[in-house]
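In what follows, a structure is listed as structure tokens, so that the remarks can point back to it.
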Amino acid sequence: MCGVVGAVSTRDVTPILLEGLKRLEYRGYDSAGLALVPAAGILQRQRAVGKVANLEAALDARPLSGTLGIAHTRWATHGEPSELNAHPHFGGSSVAVVHNGIIENYSDLKERLLAEGYRFGSDTD
617 MCGVVGAVST RDVTPILLEG LKRLEYRGYD SAGLALVPAA GILQRQRAVG KVANLEAALD
677 ARPLSGTLGI AHTRWATHGE PSELNAHPHF GGSSVAVVHN GIIENYSDLK ERLLAEGYRF
737 GSDTD
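Next up, the structure:
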């Protein structure tokens, strides 16, 4: 099972999201990531394969901050463990999605969203 953490605040939520992921990490995961909306309003994302410490190192190298965000730890049930398959997934430039488990009707949903102009890039649901 995967883990999801979300936060909204008047201050930077990056530390809150990382702490939430660390608290979930005891279960063992193959990747982690987060998406943030900074003051400029442009959706940003960082993902990493392996433990949350790898995500934290990536954020040290390329810091992100924002007052609204979502984070995810993944245990691969479909698709290999990779940065491409790590959540959050983007559907264009304004939507970030994380989910737990298997989306049974993913092909119907994906077809509909593609017809509406959304684009995806992963080997999973």
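Counting from 617, one number per residue, gives the positions in the sequence shown under my numbering. Glycine is no exception: its CB is placed at the ideal position from the N, C-alpha and C atoms.
Whole-angstrom distance between E635 and P679, CA atom to CA atom: 16 Å
Tell me the DSSP secondary structure of A692 in three-state form. coil
Could you tell me how far apart the beta carbons of L637 and V668 are, in whole angstroms, since I believe they sit closer than 8 Å? 5 Å
Between which two residues does the beta strand (DSSP E) harbouring V621 extend? 619 to 624
Among N721, D724, A677, H703, which has the Cα closest to the Cα of V713? H703
On the premise that A687 lies in contact with D646, defined as a C-beta separation below 8 Å, what is that separation, rounded to the nearest angstrom? Incorrect: roughly 15 Å between the Cβ atoms, too far for contact.
What does the alpha-carbon distance come out to for the pair G682 and G622? 12 Å
Taking only the alpha-carbon atoms, compute the straight-line gap between A664 and S738 and give it to the nearest angstrom. 14 Å
Selection from V711, F736, F706, E641 that minimises the alpha carbon distance to N670: E641
Between which two residues does the alpha helix (DSSP H) carrying S723 extend? 722 to 731
DSSP three-state assignment for G717, whether helix, strand or coil: coil
Less than 9 Å between the beta carbons of A674 and Q660, yes or no? no
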